[in-house]
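Visitor: Sharing a structure here in structure tokens format.
In the numbering used here, the protein residues as written are 707 to 806.
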């Protein structure tokens, strides 16, 4: 993950520790959003419930419209397609987030 990205909008995929559960989202501040997922701020939310706290994939966009369109597209993909997409960027499914 880039430290100071000039691209403000990001579509991302997070996974739980066993990679069994995926979450697709969009944000204008990836660092802040990943920290929120990792700290399970919303204890009743999906990512907290399933302990989805590992950033495994992200794409950067110049416009929020494009980022949201990609998010919607990925949410409609089947699991096999998402797995293949993640493996292109991150074959070992490592956590791509580098915190402070």
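Where is the CB? At the ideal position from N, CA and C, for every residue including glycine.
Using the Cβ count rule (16 or more neighbours within 10 Å means buried), how would you classify residue 795?
Guide: By 1-based counting over the chain shown, the position of residue 795 is 89. The residue in question, residue 795, is exposed, as its Cβ has fewer than 16 Cβ neighbours within 10 Å.
Visitor: Note the first and the last residue of the continuous alpha helix (DSSP H) segment covering residue 726.
Guide: Residue mapping note: residue 726 aligns to position 20 of the chain shown, counting from 1. No alpha helix (DSSP H) contains residue 726, which DSSP labels as neither H nor E.
Visitor: Bridge partners of residue 731, per DSSP?
Guide: Working through the chain shown from its first residue, we reach residue 731 at position 25. Beta-bridge pairing links residue 731 to 718.
Visitor: The alpha helix (DSSP H) with residue 765 in it runs from where to where?
Guide: Taking the chain shown and counting its residues from 1, the one referred to as residue 765 is at position 59. Residue 765 -> not in any alpha helix (DSSP H); beta strand (DSSP E) instead, spanning 760-767.
Visitor: Taking 6 Å as the limit between beta carbons, can you name the residues of its chain near residue 710, skipping five residues before and five after?
Guide: As a first step, residue 710 must be located in the chain shown, where it is residue number 4. Residue confidence is low: residue 710 scores 47 on pLDDT, short of 50, so the model does not pin down where it sits. Its coordinate-derived value is still stated next. If we look at residue 710 and ignore the five residues flanking it on each side, it has no Cβ neighbours.
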